[in-house]
Amino acid sequence: MHLYDSVQKTKRKFEPLEEGKASLYVCGPTVYDDAHLGHAKSALVFDLLVRVLRANGYDVTYARNITDIDDKIIKKAAEQNKSIKEITGFYTEAFHQEMQALGVIRPDIEPKATESLEAMFTLIQKLIDSGHAYTTQEGDVYFDTSSDSEYLSLSKRVQEEDDKQQRVASSSLKKNSADFALWKSVQDGSVTFESPFGAGRPGWHLECSAMIEKHLAKEHQPYAVDIHGGGADLLFPHHENEAAQTRCATNHAIANYWIHNGFVNIEGEKMSKSLGNSFFLKDALKEYDGEVLRFYLLGSHYRSNFNFNTDDLQVAKKRLDKIYRLKKRLFGLSHNFEKTEFQTKLLEVLSDDLNISSALALIDEMISSANETLDTPGKHKALKKETLANFAYIEKVLGFGVKNPYEYFQHGVDPQTKEKIFDLIQKRNEAKKAKDFASSDKLRDEILAFGVNIMDTPDGTFWEKI
RNA sequence: GGUGCCAUCGCCAAGUGGUAAGGCCGCAGCCUGCAAAGCUGCUAUCCCCAGUUCAAAUCUGGGUGGCACCUCCA
Numbered sequence: 085m086h087l088y089d090s091v092q093k094t095k096r097k098f099e100p101l102e103e104g105k106a107s108l109y110v111c112g113p114t115v116y117d118d119a120h121l122g123h124a125k126s127a128l129v130f131d132l133l134v135r136v137l138r139a140n141g142y143d144v145t146y147a148r149n150i151t152d153i154d155d156k157i158i159k160k161a162a163e164q165n166k167s168i169k170e171i172t173g174f175y176t177e178a179f180h181q182e183m184q185a186l187g188v189i190r191p192d193i194e195p196k197a198t199e200s201l202e203a204m205f206t207l208i209q210k211l212i213d214s215g216h217a218y219t220t221q222e223g224d225v226y227f228d229t230s231s232d233s234e235y236l237s238l239s240k241r242v243q244e245e246d247d248k249q250q251r252v253a254s255s256s257l258k259k260n261s262a263d264f265a266l267w268k269s270v271q272d273g274s275v276t277f278e279s280p281f282g283a284g285r286p287g288w289h290l291e292c293s294a295m296i297e298k299h300l301a302k303e304h305q306p307y308a309v310d311i312h313g314g315g316a317d318l319l320f321p322h323h324e325n326e327a328a329q330t331r332c333a334t335n336h337a338i339a340n341y342w343i344h345n346g347f348v349n350i351e352g353e354k355m356s357k358s359l360g361n362s363f364f365l366k367d368a369l370k371e372y373d374g375e376v377l378r379f380y381l382l383g384s385h386y387r388s389n390f391n392f393n394t395d396d397l398q399v400a401k402k403r404l405d406k407i408y409r410l411k412k413r414l415f416g417l418s419h420n421f422e423k424t425e426f427q428t429k430l431l432e433v434l435s436d437d438l439n440i441s442s443a444l445a446l447i448d449e450m451i452s453s454a455n456e457t458l459d460t461p462g463k464h465k466a467l468k469k470e471t472l473a474n475f476a477y478i479e480k481v482l483g484f485g486v487k488n489p490y491e492y493f494q495h496g497v498d499p500q501t502k503e504k505i506f507d508l509i510q511k512r513n514e515a516k517k518a519k520d521f522a523s524s525d526k527l528r529d530e531i532l533a534f535g536v537n538i539m540d541t542p543d544g545t546f547w548e549k550i
C-alpha cells in the first residue's frame with residue numbers, strides 16, 4: 085500500500101511500526117456547531133483509508149478525537165445560557181448521527197479533551213521540566229518554539245524575521261511570536277479546569293498530542309502513531325505545533341505518515357461563516373440520501389480541492405444509481421464470498437493512495453459487463469454469484485450500495501405519495517393491457533409529475549425517484 | 001511578501017516517460033406499443049513556448065492563468 089505523505093511531499097510505501105498493525109489518529113470536530121460538508125469530506129476520506137487498510141489485512145486502530153474544550157464552545161454556552169456539556173453533548177450526538185447517515189464507521193477510539201486532561205498535564209509538565217515551556221506572569225504556559233530546532237520542519241515555513249517588532253507591538257509576554265499556549269490561565273470565573281498550573285483551559289494543539297500519547301503511543305517506537313490525518317488547513321499551525329510538543333516532551337516523533345485531505349468549496353467559494361455559504365451537513369442530508377453524499381464527496385481524489393455543486397451531485401447520483409439498478413436485477417439471490425479478479429484490481433488501485441477514480445472506473449466496467457451478459461438469454465448463475473460477491477466487496481471497502489435497492493430509489497418519498505404512485509401504476513398497467521396507450525401515457529405523465537421515473541421490465545413495472 | 005499546490009474532451013475526472021481510463025451531456029443504433037432502464041458504436045494529444053529523450057500529458061527551464069496556507073478553521 086502506498087500513501088502520499090504531505091510532509092515529505094511524496095508517495096511512500098506504507099510500512100507500519102508493528103507488522104500487520106496500523107494506528108491512525110485523525111483530528112475530529114470541535115463540537116460547537118453543526119458539522120458542514122468539510123467535516124463530512126474529512127471523515128469520509130479517513131473512513132475510506134481505514135477500510136482500505138483493513139482490506140489489506142492490517143489490524144487498524146483508528147482514533148478520531150472530539151474537541152469539547154474550546155473558546156467557541158464556551159462562548160456559545162454563555163450566549164445560549166446553557167452548560168458546556170449541553171452544547172458539546174448536543175453537537176456530538178448530531179455529528180454521530182450525521183456520520184452514520186454517511187456510512188462512516190465509528191472510530192475505535194473517540195477521545196474527548198475533557199477526558200484527557202491528566203494526559204495534558206503530564207505533557208505540559210514534561211515540557212516545562214525539559215525547558216521547552218515556560219510560565220508567564222499572567223499564569224499562562226507557553227511552548228518555547230525557539231527551544232525546538234526542528235520547529236517548522238513539518239510545514240517547511242521560514243521563521244519570521246519580525247519577532248522583535250511583534251514583541252514590542254503586542255503586550256504579550258511570549259518569548260517568541262510563534263510560541264503557542266499549552267495552558268491558558270483563566271481568572272475571570274468563566275469555565276475553567278483545575279490544573280497543577282492553576283485554573284484555566286488547555287491550548288488546542290496540546291489536546292491532540294496528549295490524546296495520542298494516552299491512547300496510541302507505545303514505548304520504544306520512533307513514532308507515536310503510524311498515520312496522522314486531518315484537513316489540509318491543519319498542517320500549520322496545528323500539526324506543526326502538535327509535532328513540536330510531542331517531539332520535545334517524549335522520545336518519539338508524533339507520526340510517521342501525514343495525510344491531509346483537500347478542502348470543500350461551495351460553488352467555487354470557500355465555505356465560511358463570514359461568507360454565509362456554509363453548507364451544513366444536516367441540510368444536505370434533508371435533501372439527499374446520505375449515501376449519495378458519500379458517493380459524491382468521495383468521488384474525486386481526497387487530496388484535491390472539492391468544489392461542491394448540485395449539478396455534479398446529480399451526476400454522482402446517476403453513477404451510484406447504476407450500482408443499485410444492477411443490484412435490483414440480482415435482488416433476492418444469495419452468494420458466497422468468493423474472491424474475484426475484480427476485487428483484486430479494485431483493492432490494488434485503492435491501495436495506491438486511494439485512487440478512487442480508477443476504482444469507480446473499474447466498478448462501471450464491471451457493471452456494464454454484467455448487464456451486457458444479463459441482457460443475453462440464459463440463467464448466468466455463475467456471473468450472478470460473482471457479481472453479488474463483487475458488490476459485497478464494494479460495500480465493505482467503499483461503503484457503496486449498502487442499502488436495499490428498492491428503498492434506495494424511494495428516498496424522500498412519503499408513504500401517501502408512494503400509495504398514489506402505486507395506484508397510478510396499477511391503472512396504467514390496466515390501460516396497457518387493453519392497449520389503450522393514450523391513457524397509459526397520460527397516466528405515466530401523472531406519475532412523472534411526482535418526480536418519479538417508471539420502467540417496465542419482465543418482472544413488472546418499477547419506479548424510481550429521480 | 002513567504003510557502004506550497006494545480007492547469008487533461010462542453011462538464012466532472014484518472015493517468016508522473018512508451019504512445020490519452022471512467023462518468024455526465026450529445027449523436028447513431030439495438031431493445032420497447034412509445035418511453036425509461038440496459039446494451040453497442042462515435043466524440044480530446046493533454047494552458048503556451050523552449051529543451052532533454054528513440055519516445056513526454058508525464059522530466060527540465062521560462063511564461064500565462066487559477067487556488068490554498070501564513071497562528072479561528074476538517
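Residue 550 is where the first sequence ends in the numbering used here, and the numbering goes up by one at each step. We treat Cβ as the ideally placed atom computed from N, Cα and C, and that holds for glycine.
Taking residue i as the reference, give the member of the options with the closest Cα.
i	options	result
Q398	F421, S200, D373, I451	D373
L101	V144, K258, R148, M183	V144
A265	L121, D228, K517, A178	D228
R331	F174, L238, E432	L238
L467	D540, R413, G284	R413
L434	D117, V91, N140, D89	N140
L186	G483, L446, R528	G483
V275	Q510, K156, I343, N393	K156
D192	D317, R148, Q184	R148
L431	T460, G122, L137, S453	L137
V110	L300, Y380, K480	L300
L236	E326, E177, Q164, V536	E326
E303	I189, S418, A337, I440	A337
Y492	K401, E177, M85, Q181	K401
K526	F347, N439, K210, L508	L508
D232	A328, D367, R190, N488	A328
F390	L417, E351, N488	E351
S418	L472, K366, L377	L472
A178	V348, N335, D367, H216	D367
I168	G313, I153, G314	I153
Measure the CB-CB distance between residue i and residue j and report whether it falls below 8 Å.
i	j	result
F320	R387	no
N340	V129	no
L87	K95	yes
Y175	D213	no
F281	T198	no
T501	F546	no
I505	I531	yes
K423	G485	no
M204	L290	yes
E194	I150	yes
I571	I343	Coverage of the chain is limited to positions 85 through 550, which leaves residue 571 absent and any answer about it impossible.
L121	F392	yes
Starting from residue i, trace the alpha helix (DSSP H) both ways and give me its first and last residue.
i	result
Y490	489 to 492
M204	201 to 213
T501	499 to 517
N389	Run containing N389: none; DSSP gives neither H nor E here.
E103	Premise fails: E103 is in no alpha helix (DSSP H) and is neither H nor E.
L257	Per DSSP, L257 belongs to no alpha helix (DSSP H) and is neither H nor E.
H524	Residue identity check: residue 524 is Ser in the sequence provided, not His. Note, S524: alpha helix (DSSP H), 521 to 532.
F374	Sequence check: residue 374 is Gly here, not Phe. Start and end: 374 to 382.
N393	First-last for N393: undefined, no H or E at that position.
R331	324 to 333
Where DSSP assigns a beta bridge to residue i, which residues make up the other side?
i	result
D228	DSSP lists no partner for D228.
H180	Answer is none; H180 lacks a bridge partner.
V110	R148, G313
D539	Here residue 539 is Met; the residue named in the question, Asp, does not match the sequence. Paired residue(s): F546.
F363	None, per the DSSP bridge assignment.
H495	Partner(s): none; H495 has no beta bridge.
E353	I350
T219	V225
N345	G315
A339	V309
K196	I150
What are the boundary residues of the beta strand (DSSP E) that residue i is part of?
i	result
E548	544 to 549
K95	94 to 97
S269	264 to 269
L87	86 to 89
Going along the chain, which unbroken runs of the alpha helix (DSSP H) with 4 or more residues stay wholly within the region 274 to 316? Every alpha helix (DSSP H) stretch that sits fully inside the region 274 to 316 and reaches 4 residues is listed by chain position as 288 to 299.
If we require 4 or more residues per run, which alpha helix (DSSP H) segments fall completely within the region 398 to 478? With a minimum length of 4 residues, the continuous alpha helix (DSSP H) runs that stay inside the region 398 to 478 are 425 to 434, 440 to 458.
Just list the beta strand (DSSP E) runs in the region 112 to 173, keeping only unbroken ones of 3 residues or longer that don't cross its boundaries, in chain order. Fully contained in the region 112 to 173 are the following beta strand (DSSP E) runs of length 3 or more, in chain order: 143 to 148.
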